[in-house]
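Engineer: The structure's right below; bear with me while I get my questions together.
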Amino acid sequence: MEIDQLKIFSGLSSSAKAKVNSQAKFVSYKLGQPLCFRDIIPDKITIILEGEARLLAKENNNILTVAKLSKGTITGLTSLLKAEPSELISAASALKTIEIPDKLVLELYNDEPSFKDLCDNTLFPSEILCLTNQSLTL
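So the sequence shown is numbered by the working numbering: it starts at 358 and just counts up by one.
Spelled out as structure tokens, the structure:
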């Protein structure tokens with residue numbers, strides 16, 4: 358997969374794309390394997406290439422699926438940019454993903470206007486959960 362095919366990276370400068378290409382890792386997840394923990398700020402963002410994941414919440418000691426996440430969904434970015442863990446996500450099927458380290462994500466956010474604009478103007482599923490239902494805990 359080419360980095361240019363992913364919306365989040367399409368407007369990057371050539372040098373930024375080269376950094377992403379050199380630091381990106383393709384990672385597979387098995388059913389049930391966690392992508393993000395509700396009490397840990399991730400050290401990477403994960404972009405789903407194939408398969409589905411679940412955005413989870415806890416209510417009265419029950420775990421609920423709030424949303425199914427599929428191809429193109431970015432996980433970990435909300436927690437990373439807020440500097441606060443806010444995502445509980447696990448694989449709902451076998452997943453193929455691409456992971457980008459947090460230091461590079463923050464560098465892109467600070468140095469690449471298109472990346473910053475996308476991050477600042479996208480409402481991610483975990484943000485919607487936090488905004489719409491305060492009774493559920495992540």
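Idealized CB from N, CA, C, for every residue including glycine.
These numbers come from a predicted model, not from an experiment.
Which of helix, strand or coil does DSSP assign to residue 383?
Structural biologist: Walking along the sequence shown from the start, residue 383 turns up at place 26. Strand, per DSSP.
Engineer: What are the complete alpha helix (DSSP H) segments, minimum 4 residues, inside the segment 372 to 419?
Structural biologist: Listed in chain order, there is nothing to give.
Engineer: Would you kindly work out how many angstroms separate the C-alpha atoms of residue 368 and residue 471, rounded to a whole number?
Structural biologist: As a first step, residue 368 is located in the sequence shown; it is residue number 11 there, counting from the start. As a first step, residue 471 is located in the sequence shown; it is residue number 114 there, counting from the start. Their Cα atoms are separated by approximately 6 Å.
Engineer: Taking C-alpha atoms, which residue in 460, 436, 422, 476 lies nearest to residue 389?
Structural biologist: Translated into the one-based positions of the sequence shown, residue 389 becomes position 32. It is 422.
Engineer: Tell me which residue opens and which closes the beta strand (DSSP E) that residue 447 is part of.
Structural biologist: On the sequence shown, residue 447 is found 90 positions in, with the first residue counted as 1. Its beta strand (DSSP E) spans residues 446 to 448.
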